[in-house]
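> Mind looking over this structure? Questions follow.
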Amino acid sequence: MKTIIIGLPYFAKKIAASLSEYDNENIYLALDINCSKLNKIQYLLELFTADVIYLIGGTISKSKAVSLALFLGKRIIMHWVGTDVINARQNFLQNAVNKDYVEKVMHFCEVGWIQEELKQFGISAEIMQIAAFDKIVTQKERWPKNFSILSYVGKGSEEFYGIDKLIKLAKDFPDIEIKVAGIDKYYKTIPSNLKLLGWVNDMDMQYKNCVVYLRLPNHDGLAFSVLEALANGRYVCYSQIFSNTIHAPDYITLKKAINTLYVEFINGTLQQNEDGISFIQEQYNKSCVLEKICTQIQGKQNKKTILFLSALDFKEKSIQVISKTPQAYVQAGWDVNYIVARDITKKGNYFYEREFNPHGVNVDRFYMPFSGLIDRMRNYFMELVVRKIVGYISVFMLAYSGFKFLKHNKVDVIYGYEVHGILAVNILKIMNTIKNVKVISRFQGTFMNEYITNKQFIKLLLKCDHILALYLPSDLCIMTNDGTQGDRALTKLKSKNCYNYRFWVNGVDEQKLPYERIVKMKETLNISNNQCVFLTVCRLESWKRVDRGINAVAELIKEYNLTNVVYYIVGDGSERENLCNLIKSLNMDLQIKLIGAINNLEVKNYLNIADFFISTYNGSNVGNPLLEAIRAHKIIFTLNNGDTGEWIEHKKNGFIYNITDDLNKRMAQDMYEIIINKCLREKILFNIKQTEFEKLWTWQQRLSAEVCEVERLIR
């Protein structure tokens with residue numbers, strides 16, 4: 048197979064060389080058809096025998112090279128970068144759009160924000176990295192003697208790249224040297240500590256001689272320089288939201304971040320950015336990036352097949368990871384099949400969810416038996432027994448469905464998603480049905496460590512199937528770091544997966560909405576600017592203990608005689624009626640409102656109008672709602688259980704409590720203090736932003752790490 052790589056010459060040559068080295072069975076040829084007449088003639092000659100045209104850079108308007116390739120029926124890939132999107136927007140507004148470029152071309156981009164922008168033009172792009180690293184810092188290096196900052200400014204586009212912010216920063220920090228690559232002069236007078244380096248050939252040395260790298264353009268694709276700085280263990284302030292960087296959308300935030308890092312450096316407490324190094328190692332290692340590009344270039348020839356077995360059906364109103372996981376494999380070019388046993392009881396977690404199939408996922412759905420019998424049961428113990436029996440039957444039904452699928456289809460990976468799916472996969476193992484197939488076991492967290500620690504023997508007995516699923520071996524075990532300490536459970540159970548598991552936190556996408564949309568939402572709910580809005584987002588189940596939040600807010604309103612407080616509870620579940628009765632008994636019908644289950648996309652509306660977020664689960668509170676509240680920069684009230692204390696520190700970046708008899712009173716006191724104390728409020732908001740920058744992944748980053756690990760298994 049021959050692939051011609053055109054477009055941005057620097058990237059085209061680099062990718063062609065890397066792909067040729069990685070995949071020597073196929074031909075990868077880079078041609079600079081914009082600046083070289085000889086390359087242009089060679090393109091015309093090579094085009095007839097080429098299979099794929101890979102354009103680094105995108106367009107929706109005019110390209111003779113693309114049009115000719117389309118005419119000849121060649122497969123075409125466009126890999127979009129930041130500036131291309133700006134040009135495409137102008138073409139789109141001028142109605143200068145070639146529909147064939149939109150509909151007949153495969154589109155890639157590197158990050159989620161570019162993916163979202165491309166949707167405005169009707170382009171559905173897959174996330175695909177270009178940057179690939181084979182040499183990454185693996186041990187601590189000494190910082191340079193003095194704190195210094197490095198940045199890049201494009202020649203002729205100085206204002207676009209944030210030169211004004213750099214000048215202002217140099218004036219505010221006269222003792223810090225700020226070096227700027229890309230330009231050697233500027234028409235305005237600049238401070239003496241702002242050094243213009245011109246074009247730099249050895250940027251690696253510049254990264255090693257700085258502490259912080261700044262990337263501040265008004266619009267950007269995923270800059271190589273950001274990844275290179277992270278790979279060197281440097282801190283990065285970025286105008287975009289990106290993992291392991293500090294988001295600096297404005298000068299005030301930038302100045303605060305630099306001041307914090309500078310003080311730590313002077314005090315000798317600033318360590319290199321090890322999380323940034325690990326992030327690059329996991330997601331941008333050369334073999335993983337090149338494998339994905341090769342797979343996509345070669346199309347269905349190398350398409351891998353994965354089979355999911357699970358009793359977790361897809362949801363629109365909660366737990367987005369269930370659908371996002373198989374979709375991530377679809378986007379990575381896999382043939383994805385999902386066999387699921389759905390609970391359709393009125394007491395389960397799906398009665399308020401419609402059935403749907405994620406795009407690109409082949410779904411085989413059946414219903415768990417005896418749902419009518421369970422709905423009619425009033426005895427809790429008998430219902431528990433029947434549900435257990437139904438669960439075991441469903442495991443065998445999943446295994447049988449998997450067996451039928453495997454009789455007619457070859458798979459590379461079989462994926463047991465949670466307990467039922469994992470047990471079904473192991474039945475297929477016993478039947479010797481899945482030879483030469485890699486097995487993945489996946490857990491969304493587990494309370495098993497709590498049960499073992501507290502010697503809750505009855506629960507351990509009832510959860511024997513769960514214990515077995517945790518113990519049984521797999522080629523890769525993925526345990527969600529949701530604060531329930533699943534890693535400790537694996538160790539205490541002496542699981543066969545103790546040496547091959549990944550302990551990852553869930554991803555969280557951008558939660559903040561435009562100001563105009565927030566204003567409209569407040570108008571819809573009749574919320575004035577002086578009102579204090581509290582929010583809880585969760586399923587209304589007994590262990591979520593939403594009653595704690597209700598009692599605390601009621602205490603706040605009554606004890607401090609507040610009339611400007613409203614508390615929204617978004618979600619549905621078996622506890623709804625009990626919570627309704629509690630609210631009525633407290634005479635809080637006007638201030639505390641149960642919204643019910645809503646589409647996950649609509650949850651952002653409530654999250655953006657809220658000032659405070661309450662999460663008071665038993666066991667752990669590090670679920671997606673809390674992570675989304677961190678991403679949205681909300682002041683959080685939560686409980687010190689599980690690993691929640693690793694995310695929230697009391698009166699530093701939120702409020703966290705041990706469970707005591709006076710919990711409601713203590714929470715109400717702190718709620719009142721944060722309402723009246725502006726300085727404390729600003730301090731906590733600043734620190735929760737830092738928590739976001741330091742700890743959160745986007746979903747794309749989280750799932751990309753998983754797909755990369757699975758692809759390594761079958762390589």
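Be aware that the sequence shown starts at 48, since it is given in the working numbering, and climbs by one per residue.
Cβ atoms here follow ideal geometry from the backbone N, Cα and C, with glycine treated the same way.
No experiment lies behind these values; they were computed from the predicted model shown.
Give the straight-line distance between the Cα atoms of Cys524 and Val484, rounded to the nearest whole angstrom.
Taking the straight line joining both Cα atoms gives about 15 Å.
> Could you give the DSSP three-state label for Ala276: helix, strand or coil?
Note: Ala276 maps to helix in three-state DSSP.
> Which word fits Asp131, buried or exposed, when buried means at least 16 other C-beta atoms lie within 10 angstroms of its C-beta?
By the neighbour-count rule (16 or more Cβ atoms within 10 Å), Asp131 is buried.
> Short of 6 Å in beta carbon distance, which residues of its chain neighbour Leu633, apart from the five on each side in sequence? Order them along the chain.
Cβ within range, chain order: Ala601.
> Could you give the first and the last residue of the continuous beta strand (DSSP E) run that contains Phe58?
Looking at the DSSP string, Phe58 is not in any beta strand (DSSP E); the run it does join, the alpha helix (DSSP H), is 56-69.
> Please say whether His126 and Leu165 have beta carbons closer to each other than 8 Å?
The answer is no: Cβ separation not under 8 Å.
> Kindly indicate which residue of Gln748, Asn734, Trp744, Ala97 has the alpha-carbon position closest to the one of Ala304.
Ala304 has its Cα closest to that of Asn734, out of Gln748, Asn734, Trp744, Ala97.
> Curious, which full-length alpha helix (DSSP H) runs of at least 4 residues does the region 513-552 contain?
Listed in chain order, the complete alpha helix (DSSP H) runs (minimum 4 residues) inside the region 513-552 are 533-539.
> Under DSSP, the beta strand (DSSP E) around Ile661 begins and ends at which residues?
First-last of the beta strand (DSSP E) with Ile661: 659-662.
> CB-CB under 8 Å to Ile174, same chain, minus the five flanking residues each way: which ones, in chain order?
If we look at Ile174 and ignore the five residues flanking it on each side, its Cβ neighbours are Phe155, Cys156, Glu157, Val158, Gly159, Gln162, Gln378, Gln747, Ser751.
> Between Val387 and Ser370, what straight-line distance do the alpha-carbon atoms span, to the nearest angstrom?
Rounded to whole angstroms, Val387 to Ser370 spans 12 Å at the Cα level.
> Given that a residue counts as buried once 16 or more other Cβ atoms are within 10 Å of its Cβ, and exposed if not, what is Thr316?
Thr316 is exposed by the Cβ-count criterion.
> Using only alpha-carbon positions, find the residue among Asn496, Tyr75, Gln167 that is nearest to Asn528.
Closest by alpha carbon: Asn496.
> Give me the Cα-Cα distance between Asn248 and Phe58, rounded to the nearest whole angstrom.
Roughly 15 Å separates the two Cα atoms.
> Name the DSSP bridge partner or partners of Lys351?
Answer is none; Lys351 lacks a bridge partner.
> Which residues in the same chain as Tyr69 place their Cβ atom closer than 6 Å to its Cβ, once the five residues preceding and following it in sequence are excluded?
The answer, listed in chain order, is Leu337.
> Which stretch, first to last residue, makes up the beta strand (DSSP E) that contains Leu261?
Its beta strand (DSSP E) spans residues 259-262.
> Taking only runs that begin and end inside the region 364-431, name each unbroken beta strand (DSSP E) of 3 or more residues, in chain order.
Here the runs fully enclosed are 382-389, 408-414.
> Round the Cβ separation of Tyr285 and Ala295 to the nearest angstrom and send it over; I've been treating them as touching at under 8 Å.
About 6 Å separates the two Cβ atoms, so the contact holds.
> Ala276: which of His266, Tyr254, Thr292 sits nearest, CA to CA?
Minimum Cα distance to Ala276 is reached at Tyr254.
> Unbroken alpha helix (DSSP H) runs of length 4 or more, entirely within the region 268-327: which are they?
Listed in chain order, they are 271-278, 298-313.
> Please specify which runs of the beta strand (DSSP E), each continuous and at least 3 residues long, are wholly inside the region 579-654, giving them in chain order.
List check, beta strand (DSSP E) in window: 579-584, 612-617, 639-643.
> Extract the residue ranges of the alpha helix (DSSP H) inside the region 104-171, only unbroken runs of 4 or more that lie entirely within it.
Segments of the alpha helix (DSSP H) lying fully in the region 104-171: 111-118, 129-140, 146-150, 159-166.
> Are there 16 or more other CB atoms within 10 angstroms of the CB of Trp590, so buried, or fewer, so exposed?
Trp590 comes out exposed.
> For Ala97, tell me which candidate among Gly105, Leu85, Phe118, Arg122 has the shortest Cα-Cα distance.
Closest by alpha carbon: Arg122.
> Return the first residue and the last residue of the alpha helix (DSSP H) that Glu696 is part of.
Run containing Glu696: none; DSSP gives neither H nor E here.
> Using the DSSP secondary-structure output, state which residues sit across from Asp102 in a beta bridge.
Correcting the residue identity first, residue 102 is Leu in this sequence and not Asp. In the DSSP output, where bridge partners are listed per residue, Leu102 has Ile53, Met125.
> DSSP has Gly670 in a bridge; who is on the other side?
For Gly670, which the question treats as bridged, DSSP gives no partner whatsoever.
> Count the other CB atoms within 10 Å of the CB of Gln345; is the residue buried (16 or more) or exposed (fewer)?
That one is buried.
> In its own chain, which residues sit with a C-beta less than 7 Å from the C-beta of Ala644, not counting the 5 before and 5 after it?
Excluding residues within five positions, the ones whose Cβ falls inside 7 Å are Lys364, Tyr399, Gly618, Asp619.
> Identify the continuous beta strand (DSSP E) that holds Tyr199 and give its terminal residues.
Residues 195-199.
> Mind checking which residues open and close the alpha helix (DSSP H) that includes Thr707?
From DSSP, Thr707 is part of no alpha helix (DSSP H); its letter is neither H nor E.
> Within this structure, are the beta carbons of Asn688 and Asn671 separated by less than 8 Å?
Not a contact, by the Cβ cut-off of 8 Å.
> According to DSSP, which residues form a beta bridge with Tyr464?
Partner(s): Ser357, Arg489.
> When you compare the CB positions of Leu354 and Ile421, do they come within less than 8 Å of one another, or not?
Contact: no.
> Specify whether the region 192-200 and the region 253-273 touch according to this definition: at least 3 beta carbon pairs, one from each stretch, less than 8 Å apart.
They touch, by the three-pair rule.
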